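Taken in order, these protein sequences are the chains called A and B. So that you can map any letter, position 39 of the first sequence is 39 in my numbering, and since no number is skipped, the others follow by simple counting. So that you can map any letter, position 223 of the second sequence is 223 in my numbering, and since no number is skipped, the others follow by simple counting. One structure is given below, encoded as structure tokens.
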Amino acid sequence: MLIPPGWDHRQLLIQRCASCGHHQYYPRPICLACDSSDLALVEATGFGRIYSFTVVHRSVNPRFEAPYTVALVDLEEGPRLLTQVVDDQPGLARCDAPVRLAWLEREADLPLPVFTLIREGVPPESAVE
Amino acid sequence: MGVAAAIVGVAECGLGVTGRSSLDLLSEAALAALADAGISPRHIDGLATSGWLPKFGATSVAEHLGIRPRWFASSMEGGGTFEQLVGDAAAAIDAGYAETVLVCYGSNQRSAAARSLSSAIEEPSAPFTAYDLPFAPLLPISMYALAAQRHMYEHGTTPEQLAAVAVAASQWARLNPAAYRHGRGETTIEDVLASPMVSSPLHRADCCLITDGAAAVVITSAERARDLRQRSVGILGGGSASTHRSLAQAPTDITAGAAISSAAALRQARLRPSEIDILEIYDSFTITVLLSLEGLGFCAPGESGPMAAEGALGPGGRRPINTNGGGLAHGHPGMYGLFLIVEAVRQLRSEAGARQVSPARTALCHGTGGYLNTHATVVLGTAS
């Protein structure tokens, strides 16, 4: 069973190549930019932008009641990941909107890295329920 | 490559709700294609298939039909698989691995109610399972929806332009008695937009049908084709490309795979896109068509939406596509790629009846698989 590194400690870990500085996600055996194997896991800042999103209108997973928002988020370090935008105003999701990392707790399972919308003047939350 | 191989028999069947088994449907299409070619199963020495069994697919089909192939393949890489297999069969014949190849497919996914929105092989060690599945995207529609949403953001593509692809498909289905939606009238843009939203921006009517279905083609050497009963259709070129598995790993240009595979196929065929008469594009979703038109070089990036909206893709349009109604209106049993080729052959043989496009000398068939990650193109042509 493949377990994403760091999720159990609520850390979004991405790989950084010591040879060329490239960041990548998910972890690979070599740097995809320069072939080096001198790679280390670093914690992402958690800031990024929505590359795209889709609002799902059918519930197929008992953990998630439709509608919910699946998204591709570009981390500011460069890598892109599939995730969800979880926000009390998910309808504000837009391509290129700034987001920040939060953790979705799951019963008897790893927490999931999700993202909330960054809005002016709103203090950030460190975790969502 | 020259023209080493030709398609000499085609058939399709079961595009509806049949209550029959996948193997039964596949066998009917295979035997019909062999009859079309005037070739006995005993003279088949190559076989390719996909989708029915996860393992030993080619061996099992061969045994069922009494075939003992010396070349066989059962790759499964999504919707472009059959364009790949047809190209591979032509290359195998050219290399002398086989003389006459049967490429066949059958599925009863509708009758078996097998397709679920979250269907995915959950291999625990696969990155896709660990990194993508937990976020509960609907599969595959949410992935295509993400691509559609980005296309709207980058190019201003509208829901109405997406819907226009479905409208064109319904117009072709009206001309095709074998189409599942034949006789159901023309779909309007309003119909598409009024259908339930499944994964924004894609509505249910932006999605291909779910039906049973089977298809088969018989391919032999160009030399042998000359002696057979049907007007043969040459396989002029083939190409394929894989750019990612997870959509998060896709290249910046999501259409890159289509550009690579079609460039290879057209280069082999020594043709330009403007010289293609018949265009059959995998239409798993309306957005798949728009992205493919751009990637294959039939319009500039961002221009596919206006092209659909102007009516270019339907009967009488300047760039007709998917002349049988496609996956959106003809049928879609899970893997539609072989049906693109069957329809292209019918057009090139001038046996398409009310939906015949003229001239029909060259055809390009493009299959897209997975989440826009696997692509395969086949270029066909009649001897001029």
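Glycine included, C-beta positions come from ideal geometry on N, C-alpha and C. None of these values were measured; they are calculated from a predicted model.
One question on the structure: do residue 149 (chain B) and residue 64 (chain A) come within less than 8 Å of each other, judged by their Cβ atoms? no
Straight-line Cα distance separating residue 34 (chain B) from residue 359 (chain B): 27 Å
Please report how far the alpha carbon of residue 68 (chain A) lies from the alpha carbon of residue 103 (chain A), in whole angstroms. 16 Å
At what residue ranges does the segment 249 to 323 of chain B contain a whole run of the alpha helix (DSSP H), taking only runs of 4 or more? 256 to 269, 286 to 295 and 304 to 309
Span separating the alpha-carbon of residue 20 (chain B) from that of residue 125 (chain B): 35 Å
Name, please, each residue of chain A whose Cβ falls closer than 9 Å to the Cβ of residue 277 (chain B). Those do not exist, as residue 277 (chain B) stays about 35 Å from chain A at its closest Cβ, beyond 9 Å.
Taking only beta-carbon positions, decide if residue 246 (chain B) is within less than 8 Å of chain A. yes
Extent of the continuous beta strand (DSSP E) run through residue 189 (chain B): Unbroken run through residue 189 (chain B) is the alpha helix (DSSP H), 189 to 194; no beta strand (DSSP E).
Please report the Cβ distance between residue 368 (chain B) and residue 80 (chain B), rounded to the nearest whole angstrom; I am assuming they are in contact, meaning their Cβ atoms lie under 8 Å. 6 Å
Under 6 Å Cβ to Cβ from residue 55 (chain A), same chain only, skipping five residues before and after it: list those, please. 67 and 69
Which residues of the segment 123 to 139 of chain B have a Cβ closer than 8 Å to any Cβ of chain A? Give them in chain order. 124, 125, 126, 127, 129, 130, 131, 132, 134, 135, 136, 137 and 138
Within 9 Å of chain A by C-beta, residues of the segment 181 to 203 of chain B in sequence order: 196, 197, 198, 199, 200, 201 and 202
Can you tell me whether DSSP reads residue 130 (chain B) as helix, strand or coil? helix
Within the 8 Å Cβ cut-off, does residue 111 (chain B) reach chain A? no
Along chain A, in chain order, which residues have C-beta atoms closer than 8 Å to that of residue 149 (chain B)? 52, 53, 54 and 95
What are the boundary residues of the beta strand (DSSP E) that residue 369 (chain B) is part of? 362 to 369
Using CA coordinates, which residue listed in B:309, B:325, B:14 and B:321 is at the minimum distance from residue 186 (chain B)? B:325
In chain A, which residues lie with their C-beta within 8 Å of the C-beta of residue 304 (chain B)? Ordered by position in chain A, no residue passes the 8 Å Cβ test against residue 304 (chain B), which lies about 17 Å from the chain.
Which residues of chain A have a Cβ atom closer than 8 Å to the Cβ of residue 145 (chain B), listed in chain order? 54
Roughly how far, in whole angstroms, is the beta-carbon of residue 355 (chain B) from the beta-carbon of residue 176 (chain B), given that I think they are within contact range, below 8 Å? 5 Å
Per the DSSP calculation, residue 7 (chain B) is bridged to which residue(s)? B:219 and B:233
Out of B:209, B:163, B:188 and B:183, point me to the one whose CA is closest to residue 202 (chain B)'s CA. B:163
Given residue 114 (chain A), which residues of its chain have a CB within under 6 Å of its CB, disregarding the five upstream and five downstream residues? 83, 84, 86, 102 and 104
Against chain A: residues of the segment 151 to 163 of chain B by CB proximity under 7 Å: 153
Identify whether residue 186 (chain B) lies in helix, strand or coil by the three-state DSSP scheme. coil
Taking DSSP as the reference, what is the three-state secondary structure of residue 358 (chain B)? coil
Whose C-alpha, out of B:235, B:138, B:283 and B:77, is nearest the C-alpha of residue 241 (chain B)? B:77
Beta-carbon within less than 8 Å of residue 72 (chain A)'s beta-carbon, same chain only, minus the 5 sequence neighbours each way: which residues are those? 50, 51, 52, 53, 80, 81, 82 and 83
To the nearest angstrom, how far is the alpha carbon of residue 129 (chain B) from that of residue 122 (chain B)? 6 Å
Give me, in chain order, the residues of the same chain whose beta-carbon lies closer than 7 Å to that of residue 23 (chain A); leave out the 5 immediate sequence neighbours on both sides. 14, 15, 16, 77, 78 and 79
Quick check: the Cα distance between residue 158 (chain B) and residue 9 (chain B), rounded to an integer number of angstroms? 41 Å
Label residue 56 (chain B) either buried or exposed according to how many other C-beta atoms from any shown protein chain fall within 10 Å of its C-beta, with 16 as the threshold for buried. exposed
List, in chain order, every chain A residue whose beta-carbon is nearer than 8 Å to that of residue 142 (chain B). 54, 56 and 70
So is residue 128 (chain A) in contact with chain B if we call contact Cβ pairs under 8 Å? Model confidence at residue 128 (chain A) stands at a pLDDT of 45, short of 50, so the residue's coordinates are unreliable and nothing is read from them.
8 Å Cβ cutoff, residue 14 (chain A) in contact with chain B: no
Exposure label - residue 269 (chain B); buried when at least 16 CB within 10 Å: buried
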